[in-house]
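Everything on this sheet refers to the single structure shown next.
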């Protein structure tokens, strides 16, 4: 006799490691088994990707992919909490993977030391259940969004600048908007990088932790999704604001002629 449910066999070490998750009625043993069977691709192992990856690894996501072509710089250490001084000069994905494996030897960490570009994103995105995008430029964000639309994957996207951050979940395969619906004509001039505008390190931690939380919720189908909403946080004002997002019927990313079947779904 076979079943389609998750494998509920846990070692003693796994039960102890994930006990605080399992105690939550919304997760329990079945939910923890689903996390173990899940896979998440993290685009950009920087200020946002670092806390995202740490919390996903700690939560027990069974397979985590890391995408980044950069090396660790001393200026990164103010906010990129996966790295220490000894990691300066090392490829980010390698240093990050070593830290994640040390944190949780039960999971698989895959490294992709490449730049996230349209030509390779389709195959990469299709190999994971969900994508968390912490990249710092519109070209990459739009390319990642397009790939998730084509492959029918959920995208959790975050961005930060100075003392502010924002996060949303994009599920056009379930009728919601895509990232291009929100920023159809954005250019790099619209998003100065933290090296130019500055960023309070802890802001990346807050938004990154929220991204990891939304990814776990999506994998378990619990709580209220951020689909169709943009959640913004102003650290100086100590204030959250939420804005409704509408799907653009003419969006080049998820509308008719975009190269996917998303426009046929409701």
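Numbering (full-length UniProt numbering), first residue to last: 1 to 266. Note that the Cβ used here is the ideal one computed from N, Cα and C, for glycine as well.
Is the separation between the beta-carbon of residue i and that of residue j shorter than 8 Å?
i           : j           : result
residue 268 : residue 54  : The structure shown does not extend to residue 268, since the chain spans only 1 to 266, so no value can be given for it.
residue 183 : residue 243 : no
residue 143 : residue 127 : no
residue 169 : residue 226 : yes
residue 231 : residue 167 : yes
residue 158 : residue 207 : yes
residue 70  : residue 88  : no
residue 63  : residue 82  : no
residue 220 : residue 46  : no
residue 41  : residue 59  : no
residue 165 : residue 125 : no
If you count every other CB in all the chains shown that lies within 10 Å of the CB of residue i, and 16 or more means buried, which is it?
i           : result
residue 147 : buried
residue 240 : exposed
residue 205 : buried
residue 108 : exposed
residue 61  : buried
residue 11  : exposed
residue 197 : exposed
residue 215 : buried
residue 266 : Residue placement at residue 266 is poorly supported in this model, since its pLDDT is 35, which falls under 50; the coordinates still yield a value, given next. So residue 266 counts as exposed.
residue 199 : buried
residue 145 : buried
residue 38  : buried
residue 16  : exposed
residue 2   : Unreliable positioning characterises residue 2 in this predicted model, as indicated by a pLDDT of 47, which lies under 50. The coordinate reading is nonetheless provided below. Classification for residue 2: exposed.
residue 23  : exposed
residue 96  : buried
residue 86  : exposed
Any idea what DSSP makes of residue i, helix, strand or coil?
i           : result
residue 133 : strand
residue 15  : helix
residue 2   : Bear in mind that a pLDDT of 47 at residue 2, under 50, signals an unreliable position, so the number given afterwards is only what the model happens to contain. It is coil, neither helix nor strand.
residue 173 : helix
residue 138 : helix
residue 184 : coil
residue 206 : helix
residue 34  : helix
residue 51  : helix
residue 46  : coil
residue 164 : strand
residue 75  : helix
residue 88  : coil
residue 106 : coil
residue 266 : With a pLDDT of only 35 at residue 266, under the threshold of 50, the placement of this residue in the model should not be trusted; the figure read from the coordinates follows. Coil at residue 266, not helix or strand.
Spatial neighbours of residue i within its chain, please: C-beta separation below 6 Å, excluding the five flanking residues on both sides.
i           : result
residue 248 : 181
residue 110 : 65
residue 217 : 223
residue 91  : 71 and 113
residue 212 : 52, 55 and 56
residue 29  : 8 and 22
Report yes if the C-beta of residue i is less than 7 Å from at least one heavy atom of the ligand GDP; otherwise report no.
i          : result
residue 12 : No copy of the ligand GDP occurs in the structure displayed, which carries no ligand at all.
Please go through the same chain and pick out, in chain order, the residues whose beta-carbon is closer than 8 Å to the beta-carbon of residue i, but skip the five residues on each side of it.
i           : result
residue 122 : 147, 150 and 151
residue 44  : 67, 68, 116, 133, 134, 135, 136 and 140
residue 94  : 111 and 113
residue 21  : 27, 31, 32, 35, 59 and 60
residue 101 : 107 and 109
residue 251 : 177, 178, 180, 181, 184 and 258
Looking only at its own chain, which residues have a Cβ that is under 7 Å from the Cβ of residue i, when we skip the five neighbours before and after it?
i           : result
residue 209 : 51 and 55
residue 33  : 6, 7 and 8
residue 78  : 201
residue 228 : 176, 177, 244 and 245
Would you grab the beta carbon distance between residue i and residue j for me? Rounded to a whole angstrom, and I think it's under 8 Å.
i           : j           : result
residue 14  : residue 106 : 6 Å
residue 234 : residue 163 : 7 Å
residue 160 : residue 48  : 7 Å
Give a yes or no on whether the minimum CB-CB distance between residue i and chain C is below 8 Å.
i           : result
residue 182 : Absent from the structure: chain C. Only one protein chain is present.
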